[in-house]
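Novice: Let me give you the structure first, and then I'll get to my questions.
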Amino acid sequence: MNNILKIAAAMALIGSVANPASAQYTATVNVKTQYQTFEGFGTTLSWWANGVGSWSDPTRSALVDALFAPPPTGLGLTYARYNIGGGDCPCYNTILYPHAVPGYQLQINGAFDWNADANQRWVAQRAYANGAVFLEAQSNSPPWWMTVSGSSTGSADATSSNMSDAYTGTGANSFPRYLATVVGHFANSYGLTFRHIEATNEPDTSWWKFGSTKQEGAAVTPAQQGVIVQSLASLLPSFSPLTTVASMDSYNIDNGVSIFAGYSAETKAAMTEINTHSYAGSKRSQLASAAAAAGKRLVMSEWGSAETTGKSLSQQLTKDIRELKPLAWAIWQPDWPTLMTIDYTSHSYTINKNYYIYANYTRYIKPGAVFIDINDGNSLAAYDGNANTLTIVTTNWTANTVPVTYALSNFTSLGASAQGYRTSSTQNVANIGNVAVSGGSMVASLPPNSVTTWVVTGANYTPQATSTNDSSFTYSTSNCGATWCSGNQTGAYSGQNHWSSLVGSTYSLTFTGTQARVYGSRASNQGIAAFSVDDGAETDVDLYATTRTDNTLTYATPTLPLGTHTIKVRVTGLKNSHATSVIVQADRIDVVN
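What follows is the structure, encoded as structure tokens:
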């Protein structure tokens, strides 16, 4: 990403989301209409981690914990985007500190230096231990000797591709093999398995110019992207079999729509995820539709701004999640947007207003929550059916106090009150007390220039459904033979369930209805399960818990057209750092008619 060129685009967004008038208005929350199951919020590592990772403790640990540790210590970020550096030619010295992320192979036919990039790697390991279980790798540029210009800062004219065709394939010194080798080493030597790898970063821009951008970056043609995606997909099973390919991290959402549409069938088949940035473009719903139609995951992997009040951050996040419907949403750096001011010289940092604005979302919309319908462009609503919690986050960036009535429809039951948390010019995720919930609604006042989070516990949604136990599922081969392992389990549905820890094992159910709600166990030996509908994009859910619970809701499909559908659950082989195994359990599915 290029900070200077993006400031204007980010500032242009301010005010683009309509704010309510100062008069009373009603925001209707409809839990019956459900969208994506969320995997969490995050940040890219790269530059800041390259600097902070060299600091001494306790300061570096405190900074990383402020981002990734569970609340109240940190923001509870679960998505971390690791930059595999290309490394520039030693003959140049134009990349600024801490932007100069070291590469692992500095010359053609050279050996890999696994001592390189120790700073960013330390931050990644600390983040993972804190709960950043959704790790992605990305590259800003190929190593300098794979480029046309001979520099990882870009091409001579900034518009033509800087990726040499000679290195796009699967050969011994190719770019895809370089990336596959690095992610394989991370999995085997550091216990860090990247779920996806993205080979290009904003390949659709015209500012990656040799010697002038002071950072790594490369334009890459769509045709070259296709070769790289297919080459990576063919190499990864031998290097890191749990890692799959994402593409293409476009700067402009509209460009992402057209680039993906132009990919060949072979390229689309070789990738599992579309990544996008949201600095520019308006075709959020079109990209979401394209991803869904192609059965690809969709992640908003980068956005940042120089704006300091939190207005831009909250409006961008709200717009993206409402219209793009990504499975994860990430900022670029903790100091862009300015969650923190980081002094890389004095090894110190301060927390800014944007940190608390982000916290209004990250601390209360937890991984596994489902975004549900709310007819207010300034609000997000998420329902956690496992914790029976409704979370609403509403912005008011007007100069007036705005009264709002929240109509909470279709819930079976609700708690008696909503707990409020607010960030404003004078408050930082402040506990503002409760408002009463009565007759299926609540009334609140939103002060000027504020973001308010409401948490309603005791929120139950029990649609008319038919329960089907695990004996009716279709199982693939597992580590117990032709079907998954089975046994009696106190607390399980009907006192019995199936389970597997074999990577790639699946169970499925074909049903007729509008939604499937999957129940199972959460425990210390549970891994990350992948859920998909009608062979579409997978959503990953971490089933780890310190204390075992059974017959608990683990996943709900989005609201579907009434008809016949198939839900599939897969053992990914992935887990967080605290889990003792990668087991996924099959117990019960409720079908909503």
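Quick note: to get the working numbering, add 4 to the position in the sequence shown (first position is 1). Just so you know, even glycine gets a beta-carbon here, dropped at the ideal spot from N, CA and C.
(1) Quick check for students: name the residue ranges of the beta strand (DSSP E) that lie wholly in the segment 545-587, counting only runs of 3 or more.
(2) On the DSSP letters alone, give me the boundaries of the alpha helix (DSSP H) that T398 sits inside.
(3) Distance, Cα to Cα, P207 vs I378?
(4) From V455 to Y362, what distance separates their C-alpha atoms?
(5) I need the DSSP call for Y132, collapsed to helix, strand or coil.
(6) Assuming contact is defined by CB atoms lying nearer than 7 Å, are L246 and T197 in contact in what I supplied?
(7) Taking the CB atoms as reference points, tell me whether F138 and E43 lie closer together than 7 Å.
(8) Taking DSSP as the reference, what is the three-state secondary structure of Y96?
(9) Of all the options V397, L506 and G260, which has the alpha carbon lying nearest to the alpha carbon of L384?
(10) What's the C-alpha gap between I112 and Q530?
(11) On the CB-based measure, 16 or more other CB atoms within 10 Å of its CB, does L566 come out buried or exposed?
(12) Taking a contact to mean a Cβ-Cβ separation below 7 Å, would you say P106 touches D121 in this structure?
(13) Could you compute how far the alpha carbon of D380 sits from the alpha carbon of A31?
(14) How should Q468 be labelled, buried or exposed, when 16 other C-beta atoms within 10 angstroms of its C-beta is the threshold for buried?
(15) Name the two residues that bound the continuous alpha helix (DSSP H) containing P180.
(16) How many whole angstroms separate the CB atoms of E202 and E140, which I take to be in contact at a CB cut-off of 8 Å?
(17) Note the first and the last residue of the continuous alpha helix (DSSP H) segment covering S293.
(18) For T516, I'd like the list of residues in its chain whose CB is within less than 6 Å of its CB, leaving aside the five on either flank, ordered along the chain.
(19) State the Cα-Cα distance for the pair S20 and P451, rounded to the nearest angstrom.
(20) In or out: C489 buried (at least 16 other Cβ within 10 Å) or exposed?
(21) Where A403 and V459 are concerned, what is the direct C-alpha to C-alpha distance, given to the nearest angstrom?
(22) With distance defined between alpha-carbon atoms, name the residue in A269, G285 and T576 nearest to G299.
(23) I need the boundaries of the beta strand (DSSP E) containing N473, first residue and last residue.
(24) Between the Cα of Q423 and the Cα atoms of N432, F415, A411 and I436, which residue gives the shortest distance?
(25) Buried or exposed: G195, going by 16 or more other Cβ atoms within 10 Å of its Cβ?
(26) For the segment 322-333 against the segment 426-441, are there 3 or more C-beta pairs whose distance is under 8 Å?
(27) Which residue from T487, T481, E542 and T466 puts its Cα closest to that of G595?
(28) Just to confirm, are L557 and A463 a CB contact at a threshold of 7 Å?
(29) By Cβ distance below 6 Å, which residues in the same chain neighbour A16 in space, the five residues on each side in sequence not counted?
(30) Using DSSP with H/G/I as helix, E/B as strand and the rest coil, what is E311?
(31) The beta strand (DSSP E) spanning F375 covers which residue range?
(32) I need the DSSP call for Q229, collapsed to helix, strand or coil.
(33) Hey, V507 and G577 are a contact pair by Cβ (cut 8 Å); roughly how many whole angstroms apart?
(34) Decide if H582 is buried, meaning its Cβ has at least 16 other Cβ atoms within 10 Å, or exposed.
(35) Distance, Cα to Cα, L547 vs Q589?
(36) Using a threshold of 7 Å, state whether the C-beta atoms of S282 and I263 are closer than that.
Specialist: To lay it out plainly:
(1) 553-560 and 567-575
(2) Premise fails: T398 lies in the beta strand (DSSP E), T393 to N400, not in any alpha helix (DSSP H).
(3) 35 Å
(4) 10 Å
(5) helix
(6) yes
(7) yes
(8) coil
(9) V397
(10) 43 Å
(11) exposed
(12) yes
(13) 6 Å
(14) exposed
(15) F179 to H189
(16) 7 Å
(17) R288 to A298
(18) T568
(19) Any answer about S20 is weak, because its pLDDT of 36 lies below 50 and its placement is not dependable; what the coordinates show is given next. Each residue's alpha carbon lies about 20 Å from the other.
(20) buried
(21) 25 Å
(22) A269
(23) A469 to N473
(24) I436
(25) exposed
(26) no
(27) The sequence shown places Val at residue 595, not Gly. Nearest C-alpha to V595: T466.
(28) no
(29) Low local confidence applies: a pLDDT of 40 at A16 is under 50, so the model's placement there is unreliable, and no value is given.
(30) coil
(31) V374 to I378
(32) helix
(33) 3 Å
(34) exposed
(35) 9 Å
(36) no
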